[in-house]
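Only one structure is covered here, and it is reproduced in the block below.
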Amino acid sequence: MRPFGFHLSIAGGVYNACLTAGKMGISAFQFFSRNPRGWKSRVIPDDDVIRFKKLYKECAIKTSVIHTNYLINLASPDNELHQRSIKVLGDELETGKVLGIDYIVTHLGSHRGVGREEGLKNVLIGINRVLDVKSVDAYPVVLLENSAGAGNLVGNKMDELRWVMERVENRDLLGLCIDSAHAFGSGYDVRVKDGMDRIFNELGDCGDRVMLLHLNDSKVELGSNKDRHEHLGMGYIGRDGLRNFLLYPDVAELPVIMETPRDDRATDGDNLKVFLELIG
């Protein structure tokens, strides 16, 4: 069975993600290695690293992901912010290397009014700098995640992700993560085959670099350009739509991470039950 799981908390120690995953019976997880709304890095004690790796094996985890913080903006024309974003992404790669993480997921950011072309050029510069001379055998793969396209955000259109992928110098260390809610918000109707065909037609030869799915329903309608996650089956994508997204041939075996809301309407256990029904 394909790896599947949730975005989990590492409060109390990074190894707690493994413990939580083991209790839930999931084989994949994602986490923030630092405060998602801050720049300060978190030093992981050596003992925690050792315990993480031990529990990772004991809990039969197959896929692990670090999600970068919300402040990273590789598309920014502001040099200080751009350089800071490059450093943080580089730091996350080093953290991932130490822990043995599979993927680092990051958003591309906002062009802040200079235009998509300039924003994408900034992303490419940043990615090339981060991945320079890094070995695919030693480091996690960086995954660019599609956005919903609000405001000046770049990366909501698949041809923009393709543009970066086709030009990056170290392609072996760069891949893609497709979020169902973001794609839906950006106008890709993931509920139907034609919508998924459109995604992969626009990605072209880069379609084989999609390595991870973020599975979320959407609180907002198709093409809203808003990023609003919803519990599985409770949004505008719906159960049948999510099933179409999950079982589309090009992604049917990829790892899945759910980033559903934290509220009293449904638990991770409830969402897991829906997920298993969808793929069953």
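Positions 1 to 280 (this note's numbering) are the ones given, in order, by the sequence shown.
Glycine included, every Cβ here is placed at the ideal spot set by N, Cα and C.
For Ser33, the closest alpha carbon among the candidates Gly25, Leu161, Val49 is that of Val49. Leaving aside the five residues that flank Cys177 on each side, the residues in its chain whose CB is nearer than 8 angstroms to its CB run, in chain order, Tyr103, Val105, Leu143, Leu144, Glu145, Asn146, Val210, Met211, Leu212, Leu213, His214. Residue nearest to Asp172 within the set Phe184, Asp208, Asp189, Glu202 is Asp208 (criterion: CA-CA distance). Sequence-distant Cβ neighbours of Gly195 in its own chain, meaning closer than 7 angstroms and more than five residues away, are Tyr188, Asp189. For the 8 angstroms CB-CB criterion, Met158 and Leu93 do not form a contact. For Ala75, there is no enclosing alpha helix (DSSP H), as DSSP marks it with neither H nor E.
Among the bridge pairs identified by DSSP, Asp217 is matched with Glu230.
Under the rule that a run must span 3 or more residues, the beta strand (DSSP E) segments found entirely inside the segment 158 to 219 read 174 to 179, 210 to 215.
When the alpha-carbon of Met234 is set against those of Ala266, Leu89, Arg129, the nearest one is in Ala266.
For Gly96, the enclosing alpha helix (DSSP H) stretches over residues 79 to 99. Here the C-alpha atom of Gly269 lies approximately 30 angstroms from the C-alpha atom of Gly149. Approximately 7 angstroms separates the beta-carbon atoms of Val164 and Ile127; this is inside 8 angstroms, confirming the contact. Your pair Asn152 and Arg191 does not check out as a contact, with CB atoms roughly 27 angstroms apart and the cut at 8 angstroms. Going by DSSP, Ala28 is part of the beta strand (DSSP E) stretching over 28 to 31. Under a 10 Å Cβ-count criterion, Val43 is classified as exposed, with fewer than 16 other Cβ atoms of the shown protein chains found around its own Cβ.
Only residues of its own chain outside the window of five on either side were considered, and among them Ile86 have a CB closer than 6 angstroms to the CB of Arg129, listed in chain order. Distance from the CA atom of Ala17 to the CA atom of Asp47, rounded to whole angstroms, is 15 angstroms. Its Cα nearest to that of Thr63, the residue Ile101 stands out among Ile72, Ser76, Trp39, Ile101. In the three-state reduction of the DSSP assignment, Val274 falls in the helix class, which pools H, G and I. In the three-state DSSP reduction, Leu124 falls in the helix class (H, G or I). Counting C-beta atoms within 10 angstroms of its own C-beta, Ser9 has fewer than 16 neighbours from the protein chains shown and is therefore classed as exposed. Around the beta carbon of Gln30, 16 or more other beta carbons lie within 10 angstroms, which makes this residue buried.
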